[in-house]
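To keep things clear, I will list the structure first and then write my remarks on it.
In UniProt numbering, the protein residues as written are 1 to 298.
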C-alpha cells in the first residue's frame with residue numbers, strides 16, 4: 001500500500017503554488033506509506049540549459065567544489081544549488097550524459113535523481129511532511145508535479161528505493177502496486193540500453209515507458225503498451241516535460257480518484273488528498289476506469 005498524488009495545472013496563476021498544493025496532498029496520504037517520500041516538480045524551462053538533480057548521503061563533502069570540478073571536466077559553465085541532501089546542477093543542454101559519466105568519476109556513490117530541462121526530483125527516507133520540509137517543496141513553483149509516499153514491500157527502505165523514478169529526460173513515474181515480471185523485463189531493457197540502477201519494480205515500469213517513448217511512442221501510446229507488456233497490479237502516474245498521464249491495470253484493485261476543473265487535473269489514491277484544492281466542490285470527480293489511459297498535455 002502506497003499513496004500517490006499528482007497535479008497538472010491549466011491555470012498559470014496557480015503555478016507559484018504548485019509545491020504548496022502538492023505537499024498538502026501528499027501529507028494526507030502519509031498513513032498509506034510512512035517509509036519514504038518524494039516529489040517531482042516540473043518548473044521553468046531555462047533556455048539552453050539542462051538540470052541534473054543529484055543526491056548524496058554525505059552532502060557537505062560531496063557538493064563542496066562540485067560545480068567547479070564538473071565545469072572543468074565538461075569545459076562548460078556549471079552552477080549548483082544545494083538543498084539539504086540534494087543539489088541541482090545546471091549545465092549546457094546536451095551535456096547531460098557527459099555530466100553523468102564525469103560525476104561517476106568525480107563523486108562515486110552520488111545518485112542522479114533526474115535529468116532534463118524542467119524536472120527536479122526530491123526524495124528521501126521519512127514521512128512526507130518531514131521530507132517536504134527538508135527540501136522546502138512548499139516554496140517551489142511549476143506547471144505540474146507528482147508525489148509518492150511509500151510502504152516498502154519488495155525492496156529495502158532507502159533513498160534509492162523511494163519514488164518517483166526517472167529513467168529518461170524530463171520523465172518520471174510513481175506507482176502503487178507490484179509488477180510480477182520486472183526481473184525479466186529489467187534484463188530486456190538493459191540489453192536495449194535503458195539505464196536501470198535499482199532492483200525496484202517501479203524503476204522497471206519507468207524504464208519501460210522510457211524505452212517505448214525513445215522508440216517513437218507518445219506518452220499515451222506507451223501507457224497503452226504497458227497494459228499488454230506489464231504483469232501485476234499497478235496504478236501509474238507519469239510526468240513528462242509537457243504531459244501528465246494515469247493508467248490502472250485491468251483489474252484495478254489499487255484505489256484511485258481524479259478531479260478536473262478549468263484550473264487543473266488532480267489525482268489522489270483517495271479523495272481526501274484532493275479536498276483542499278481550490279474549486280474542488282465544483283470539479284468533475286471520477287474513479288479512473290481499469291485498463292484506460294488518461295493523459296493531458298500543455
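Even glycine gets a Cβ: it sits at the ideal position worked out from N, Cα and C.
From a predicted model like this one, the values you see are computed outputs, not experimental measurements.
For residue 276, the closest of 14, 103 and 24 by C-alpha to C-alpha distance is 24.
Runs of the alpha helix (DSSP H) spanning 4 or more residues and lying entirely within the region 56-139 occur at 59-63, 66-74, 96-106 and 128-135, in chain order.
When beta bridges are read from the DSSP output, residue 297 appears opposite 243. Counting only runs of 4+ residues, the alpha helix (DSSP H) found wholly inside the region 216-276 occupies 219-229, in chain order. Cβ-Cβ separation between residue 235 and residue 171: approximately 17 angstroms, too far for a contact (criterion under 8 angstroms). According to DSSP, residue pairing for residue 53 in a beta bridge involves 88 and 114. In terms of Cβ geometry, residue 259 and residue 280 form a close pair [threshold 8 angstroms]. For the beta strand (DSSP E) assignment, the uninterrupted runs of no fewer than 3 residues enclosed by the region 154-216 are, from N- to C-terminal side, 165-168 and 171-179. Of all alpha-carbon atoms in 113, 215 and 248, the one lying nearest the alpha-carbon of residue 51 is that of 113.
Sequence-distant Cβ neighbours of residue 208 in its own chain, meaning closer than 7 angstroms and more than five residues away, are 185, 189, 226, 229 and 230.
Comparing alpha carbon positions, the residue from 298, 19 and 282 closest to residue 128 is 19.
Under DSSP, residue 32 forms no beta bridge with any residue. In summary, residue 108 is exposed, with fewer than 16 beta-carbon neighbours lying within 10 Å of its beta-carbon over all protein chains present.
Look at residue 145 here: in three-state DSSP terms it is strand.
Nearest neighbour of residue 264 by Cα position, chosen from 278, 63, 168 and 253, turns out to be 278. In summary, residue 75 is exposed, with fewer than 16 beta-carbon neighbours lying within 10 Å of its beta-carbon over all protein chains present. If the five residues before and after residue 206 are omitted, its C-beta is found closer than 6 angstroms to the C-beta atoms of 165, 167 and 173, all from its own chain and listed in chain order.
Inclusion of residue 14 and residue 69 in the CB contact set at 8 angstroms is not warranted, their separation being larger than that value. Distance check between residue 250 and each of 130, 177, 11 and 289 places 289 closest, using alpha-carbon atoms only. In the structure shown, residue 19 adopts helical secondary structure according to DSSP, grouped into three states. Boundaries of the beta strand (DSSP E) harbouring residue 4: 3-9, taken from the DSSP string.
Between residue 237 and residue 146, the beta carbon gap of about 5 angstroms places them in contact (Cβ cut-off 8 angstroms). Comparing alpha-carbon positions, the option among 49, 44 and 85 lying closest to residue 63 turns out to be 85. When beta bridges are read from the DSSP output, residue 38 appears opposite 123 and 148. Between residue 31 and residue 1, the alpha-carbon positions lie close to 9 angstroms from each other. Taking 8 angstroms as the cut-off, the Cβ atoms of residue 36 and residue 125 count as close. A distance below 8 angstroms separates the beta carbons of residue 244 and residue 295.
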